[in-house]
Structures are given as C-alpha cells and as structure tokens.
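Under numbering that gives the first Met the number 0, read the sequence shown as residues 0 to 368, first letter to last.
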Amino acid sequence: MSKLKILIFNWRCWLNPKAGGAEVYIHEIAKRWVKTGHEVTLFTSEFPGCAKEETMDGIKIIRAGGKYSVYWKAMKYYKNNFKHNFDVILEAINTIPFFTPTYASEPQVSLIFQITGEVFYKVFPKPVAISARYIEPLIYKKFYKENIALVLSKSVKDELVKIGFKPDHIFVAEPGIDYEYYSLGEKTEYPSILYLNRIVPYKNVDHLIKAFKIVKYKVPDAKLHIVGCRGTAYESKLRKLAKKLGILDSIEFHGFLSGEPKREFLQKAWVHVLPSTKEGWGISVLEAASCGTPTVAYNVTGLRDSVKDKITGILVPFNDIEALATAITKILTNKQLRIQLSKNARKWALQFSWERTAKIALNAIKNAI
Numbered sequence: 000m001s002k003l004k005i006l007i008f009n010w011r012c013w014l015n016p017k018a019g020g021a022e023v024y025i026h027e028i029a030k031r032w033v034k035t036g037h038e039v040t041l042f043t044s045e046f047p048g049c050a051k052e053e054t055m056d057g058i059k060i061i062r063a064g065g066k067y068s069v070y071w072k073a074m075k076y077y078k079n080n081f082k083h084n085f086d087v088i089l090e091a092i093n094t095i096p097f098f099t100p101t102y103a104s105e106p107q108v109s110l111i112f113q114i115t116g117e118v119f120y121k122v123f124p125k126p127v128a129i130s131a132r133y134i135e136p137l138i139y140k141k142f143y144k145e146n147i148a149l150v151l152s153k154s155v156k157d158e159l160v161k162i163g164f165k166p167d168h169i170f171v172a173e174p175g176i177d178y179e180y181y182s183l184g185e186k187t188e189y190p191s192i193l194y195l196n197r198i199v200p201y202k203n204v205d206h207l208i209k210a211f212k213i214v215k216y217k218v219p220d221a222k223l224h225i226v227g228c229r230g231t232a233y234e235s236k237l238r239k240l241a242k243k244l245g246i247l248d249s250i251e252f253h254g255f256l257s258g259e260p261k262r263e264f265l266q267k268a269w270v271h272v273l274p275s276t277k278e279g280w281g282i283s284v285l286e287a288a289s290c291g292t293p294t295v296a297y298n299v300t301g302l303r304d305s306v307k308d309k310i311t312g313i314l315v316p317f318n319d320i321e322a323l324a325t326a327i328t329k330i331l332t333n334k335q336l337r338i339q340l341s342k343n344a345r346k347w348a349l350q351f352s353w354e355r356t357a358k359i360a361l362n363a364i365k366n367a368i
C-alpha cells in the first residue's frame, strides 16, 4: 500500500503536562509511521504555553479547545479543513469519544484504551456514575462496534467482545518499550517503593499509602516515592492521609518527572506499585520491568496482562489493601524472590518493541481501508 495520510484525534498530546500513557502510545506509533513514509496529523487540545500548530518528529500537530471543548472543535475543524483530505481516521477514545462516525466519511479505526466502567465511580458522584456506566456500552454499540478497533490488551478485547464487537475486527497491539534506554541499574540501599503514574482517584494511590502504613510495621526503614503531577486536590488529600497515618516523613512526592530522573527512579526502586481500578495495559509496568523492577498491582483489566503473576510481579484482589501490603512486604523482605522477579521482569520486557506495536497498529488501519 502506498503512502497513507492518517488523521488522529486525541484529547491530549504527549507534550501536555497532563499527558499519560495514552499520549506516549500515540506518539511512539505515529513517529514510526512517519519514518516509514506515511503522513500523520494529530488534532488535540491546547495547554498553557503551547503552539497552535507545530511539527514534531514529523507529526503535524494542530491544537484547539480545552479538555472538553476539544471534541466539538474537532468536528468543526474536520468539516472546515480535514474533510476528504485523509485516507483514514484514528480516533483515540479516553472515556469521552469524538463521535467521528457521526460526521466523518473516511474509513475509521477506534483506538480504545479501556472501557471506563467502574472507573466512573472514582470520577463522578454516584448517580452520574451509574448513568455513565449504563450509557457507555450503548454508545459503543451504536457508533463503534462495526469499526476496526485497536486495543492494548486482551482484557480490553474481551470487554469489547462482550459489548458486541466482532473478535476479528479487534487488533491487540501492546505498548512497546525502549529496553536499551530503560536498562538495569543500581538499587537503593534502603527498601524503596515506587508509584509512577498520574495522581488521580481511579489509580487508588490512597490504597497504596494505607498499605504502606502496614508495610512499615515489618519494614520500618522502607520509603515510598510518589512520582506524578503535583498540585491536584487529590494529591492534597494524599498528603493529609499520610500525615494522619503518621508516615508522611517516609513518603516523598516528587511531582512529574521525565527522561533521566524518571528512569533513575524506575531503576533504583525495589518494587513498583500500581493499584489502579483498571488500565488499558499500564505502560509504567513495562518501563519498570525493563529496569528490572517488579510490580505489585490489583488483578484487574489491563494489569493482569502487563503483570505476569508471581513471575514478573504479584497480582492481588482488587480493593484488598491488606493483600497489597502483604505482597509489597514479601518482595521487600525476600531477596531471592526479588532477584528472580527482577530477572523475569527484564526478560518479559524484552519481548516488546514500539516497532512491533506500530506495525500491528498500521495493519489495523490497512484493514479499515
């Protein structure tokens, strides 16, 4: 197939201070498509200090609107500028869809990171969450189930099949990892626990802090490092919780980190913890694994795919803070187990590359055309 003109809709770009794993994923596959001769345009939201338009890594970025207005701005921009100018549209869905099937005529691929489901209860008041959870699958059935879908894990594929998507229309392209960059390094002299992700309620960082209180009884010299954006109301609650539990002195909030400082934390930690309600996959799990750091996580969608239980880390029942604490303590206090999990994690990470991810994702796009 000749050079393709690919239009991507996503609510944020990887340069946005609030960007997460979804934005990393899109950036990594898009820049590889450009390298193989395809033309990629990303329409996304604005953030303070951003350029309205720029080209980075060969990807043309157009920004308009904010967190919510980006959706109708996308429709308006499409009708005035994009229509009939692209071969295919990749719509990234992060809870709120762009509803491109209602106005775009080009072939489309739906990049679905996760079915929001129970996460709604962590974001909205209960009455709103109940309604949202009921409406979400109806939206997918009405507007998206005939589309080619691209997902990050088998768990998400299984959820889509339950909704009514055809299994052979769903392509699984797990995230990749630069395993030469995310390499093995020296561990801290003290028992160190790392949380490295967005600091938002559905990630359940409060569960980790409560579990850490239990861990401290058996591992008094343990320290918890929390890496993620500062200044949120949720982070303030976490600090208050840690103070109330009497463990604030053993917890460090480092704010958002990238590049070398981020890699250093991943390398030095004895264990990485991600107690999310659910994930599409959990890119930080793979980054940690590549650095030889095992992960403790809840046994939920996405994380049961990225963490191989008792091989590259430990999975525990959702919402079981005692089990979370027990698993963390087990890794911190059992050197032989820790070394074995570390070796396994690194070996597991070596199976994944962004080249592989980009190739599968491009295959999904070609199947839509």
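Note that the Cβ used here is the ideal one computed from N, Cα and C, for glycine as well. A quick note: this is a predicted structure, and the numbers were derived from the prediction, not measured.
Between the alpha carbons of Lys309 and Ile58 lies a distance of about 40 Å.
Remark: three or more beta-carbon pairs, one from each stretch, lie closer than 8 Å, so the segment 291 to 300 and the segment 272 to 279 are flagged as touching.
Annotation for Ala287: Leu265, His271, Thr294 place their beta carbon closer than 6 Å to its own, counting only its chain and skipping 5 residues before and after. Taken in chain order, the complete alpha helix (DSSP H) segments of 4 or more residues contained in the segment 128 to 204 are 153 to 162. Inclusion of Glu321 and Gly175 in the CB contact set at 8 Å is not warranted, their separation being larger than that value.
Membership of Leu302 in the alpha helix (DSSP H) is indicated by the continuous run 302 to 305. Note that the C-beta distance between Leu151 and Ala172 is below 8 Å. Contact annotation: the segment 61 to 79 touches the segment 87 to 100, with at least three C-beta pairs closer than 8 Å. When beta bridges are read from the DSSP output, Thr43 appears opposite Arg62. With respect to the 8 Å criterion, Ile368 and Val87 are classified as neighbours on the basis of their beta carbons.
Note that the segment 255 to 262 does not touch the segment 147 to 167; fewer than 3 beta-carbon pairs, one per stretch, sit closer than 8 Å. Of Ile213, Trp269, His206, Ser289, the smallest CA-CA separation from Arg238 is found for His206. Taken atom to atom, the span from the alpha-carbon of Thr325 to that of Val306 is near 17 Å. In this structure the segment 178 to 189 does not lie against the segment 132 to 147, because fewer than three pairs of beta carbons, one per stretch, are closer than 8 Å. Asn93 has Ile95 as its beta-bridge partners, per DSSP. Segment contact: the segment 3 to 13 against the segment 25 to 42, three or more CB-CB distances shorter than 8 Å; contact assigned. With respect to the C-alpha of Pro200, the residue from Thr231, Lys215, His224 having the closest C-alpha is Thr231. Per DSSP, reduced to three states, the secondary structure at Phe264 is helical. DSSP lists Ser191 as the beta-bridge partner residues of Lys222. Under the DSSP definition of a beta bridge, Thr311 lacks any partner.
Counting along the chain, Phe252 sits inside the beta strand (DSSP E) bounded by residues 250 to 254.
Annotation: Tyr77 is outside any beta strand (DSSP E) and is labelled neither H nor E by DSSP. With 16 or more other Cβ atoms from the protein chains shown falling within 10 Å of its own Cβ, His37 counts as buried. Residue burial is scored here from C-beta neighbours: Pro316 has fewer than 16 other C-beta atoms within 10 angstroms and is therefore classed as exposed. Taking every protein chain shown into account, the CB of Gln113 has 16 or more other CB atoms within 10 angstroms, so this residue is buried. Leu3 and Phe85 have their C-alpha atoms some 8 Å from each other. Taking a C-beta distance under 8 Å as the contact criterion, Arg345 and Gly291 qualify as a contact pair. If you compare the alpha carbons of Thr35, Trp347, Tyr189 with that of Ala357, the shortest gap goes to Thr35. Non-local C-beta neighbours of Leu285 in its own chain, meaning closer than 7 Å and more than five positions away in sequence, comprise Pro174, Ile176, Ser305, Ala348, Phe351, ordered along the chain. When beta bridges are read from the DSSP output, Leu6 appears opposite Thr40, Ile88.
The beta carbon of Val33 lies closer than 7 Å to those of Val39, Asp56, Gly57, Ile58 in the same chain, with the five residues before and after it left out.
Non-local beta-carbon contacts of Tyr143 in its own chain, meaning distances under 6 Å to residues more than five positions away in sequence, involve Ser109 in chain order. Judged by beta-carbon spacing, Phe123 lies beyond the 8 Å limit of Leu6, meaning their Cβ atoms are not closer than that value. Beta-bridge analysis with DSSP links Ile368 to no other residue.
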